[in-house]
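J.:
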Amino acid sequence: MSEILKIVSQDAVLHGFCKVTQIEVIVGDLSNVLPDALELAFFHLRKDTVSFPINEKTELHIIREPALSKCQNCHLEFEPDYQLARCPRCGIPDCLLISGEAFRVDSYEGSEENEN
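The opening position of the sequence shown corresponds to residue 1 in the UniProt record's numbering, with each subsequent residue numbered one higher.
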């Protein structure tokens, strides 16, 4: 979480923002990132940070990316439990993970106006 705040802060300053009001992060179901832990870290880091322009009023929005695999044999799309999964239709382990591994900043919002 500290790296996310650092990256967003640097980009916001580069673009002339005085404050960041919200950060949207995409977290895949198979990314090994726990959304609750991410929120807890954000809650503590945003108020303890000296990372201008992020402060205690900055909000975090987590967008869940569901896991989706596609069988290379029968082309069935399904939601896997793990990154490596067998096709539930034909049982072949030749499946391509389409989504669910993401962990990235999707966007952030800010303002060029300084708080008084």
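C-beta atoms are modelled at their ideal positions from N, C-alpha and C, and glycine is treated no differently.
(1) Compare the C-alpha of Gln83 against each of Glu24, Gly28, Ile7 and name the closest.
(2) Consider the Cβ of Val25: report whether some Cβ of chain B lies at a distance smaller than 8 Å.
(3) Measure how close the beta-carbons of Val25 and Ile54 come, nearest whole angstrom, since I'm counting them as under 8 Å.
(4) Classify Asn116 as helix, strand or coil using the three-state DSSP reduction.
(5) Is it buried or exposed, Arg46, if we count other Cβ atoms within 10 angstroms and call 16 or more buried?
(6) Would you tell me roughly how many angstroms separate the C-alpha atoms of Phe42 and Glu56, rounded to the nearest one?
(7) State the DSSP-derived secondary structure class of Asp36, mapped to helix, strand or coil.
(8) Locate the alpha helix (DSSP H) running through Ser2, then write down its first and last residues.
(9) Kindly indicate which three-state DSSP category Leu84 falls into: helix, strand or coil?
(10) Report, in whole angstroms, the separation of the C-beta atoms of Leu30 and Gly100, which I expect to be a contact under 8 Å.
(11) Roughly how many angstroms separate the alpha carbons of Phe78 and Leu68, rounded to a whole number?
T.: Answer, in terms of the structure:
(1) Gly28
(2) Looking at the structure shown, chain B is missing, and only one protein chain is on hand.
(3) Their Cβ separation, rounded to whole angstroms, is 13 Å, which puts Val25 and Ile54 out of contact at 8 Å.
(4) Low local confidence applies: a pLDDT of 46 at Asn116 is under 50, so the model's placement there is unreliable, with the coordinate-based value given in what follows. In the structure shown, Asn116 sits in coil (DSSP, three-state: anything other than H, G, I, E or B).
(5) buried
(6) Straight through space, the alpha carbons of Glu56 and Phe42 are spaced by roughly 10 Å.
(7) helix
(8) 2-14
(9) Leu84 falls in the coil class under three-state DSSP.
(10) 4 Å
(11) When rounded, the distance between both Cα atoms is 6 Å.
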